[in-house]
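Colleague:
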Amino acid sequence: MVVLGRGYARLVVELAAVSDADRVADIGCGPGGAVRAAARRGATVTGIDPAPVMLRLAAAVTKDQPRITLSQGTAEALPLPDGWASVAWSLRTVHHWKDVTAGLAEVRRVLAPSGRFLAVERCVRSGATGLASHGWTEQQAESFAAQCQEAGLDGVRIERHPQGRGAVWVVHASRP
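Positions in the sequence shown are counted from 1; adding 17 to them yields the working numbering.
1) How big is the Cα-Cα spacing for GLN82 and ARG142?
2) Assign GLN166 to one of two classes, buried (16 or more other C-beta atoms within 10 Å of its C-beta) or exposed (fewer than that).
3) Taking only the alpha-carbon atoms, compute the straight-line gap between ASP116 and GLU93 and give it to the nearest angstrom.
4) May I have a chain-ordered list of the alpha helix (DSSP H) segments no shorter than 4 residues that lie completely inside the segment 30-75?
5) Using only the alpha-carbon positions, how far apart do THR63 and GLU159 sit?
6) Please classify ASP99: is it buried, with 16 or more other beta-carbons within 10 angstroms of its beta-carbon, or exposed?
7) Could you give the DSSP three-state label for LEU87: helix, strand or coil?
8) Expressed to the nearest angstrom, what Euclidean distance is found between the alpha-carbon atoms of ALA26 and ALA129?
9) Identify which residue in PRO193, VAL173, VAL35 and PRO67 has its Cα closest to the Cα of PRO96.
10) Does the distance from the CB of ARG23 to the CB of ALA60 come in under 8 Å?
11) Give, in chain order, every unbroken run of the alpha helix (DSSP H) that is at least 4 residues long and sits entirely within the segment 113-163.
12) State the Cα-Cα distance for the pair HIS189 and GLY50, rounded to the nearest angstrom.
13) Which one of GLY147, ARG192 and GLY120 has the shortest CA to CA distance from GLY169?
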């Protein structure tokens with residue numbers, strides 16, 4: 018069983034207050050930890066990832082779960098209809114987006130009115146390199162929050178949450 022990121026999955030499901038009334042878009046779902054966590058709450062979930070290997074891993078641990086769909090795609094071209102998601106999140110993957118402006122436009126497009134968006138990234142030190150740079154500095158979290166506002170999202174706020182031996186930045190936003 019793939020167990021990467023269970024703590025992050027629990028955190029995002031709690032912060033998004035996922036329920037059985039939700040349709041969740043997991044942007045950059047990886048091996049499917051957050052997909053499974055949302056489905057356990059009764060949500061209908063679409064996990065999206067550009068990497069076929071990640072989708073195969075996610076498929077292996079989500080088979081026979083009718084509330085879960087997996088699709089190949091990127092943040093910049095989400096394979097979902099307009100207004101489909103009541104919740105969308107990107108869990109430790111925004112730093113991989115090729116075009117943040119296009120990705121946020123897609124998030125806004127697929128969110129239903131009042132839909133919730135969360136972006137979660139590890140807190141990293143300025144000047145970190147290699148894998149240690151996978152995440153956001155405080156300045157990068159603030160910049161992403163400003164980009165959310167520029168993309169037309171409302172209620173944008175930043176929180177810092179302890180996670181394991183470190184911490185994560187969480188940017189919350191919603192579609193008007």
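The C-beta atom is built at its ideal place from N, Cα and C for all residues, glycine as well.
Modeller: Based on what the coordinates show:
1) 39 Å
2) exposed
3) 7 Å
4) 50-57
5) 28 Å
6) exposed
7) strand
8) 22 Å
9) PRO67
10) no
11) 117-127
12) 20 Å
13) ARG192
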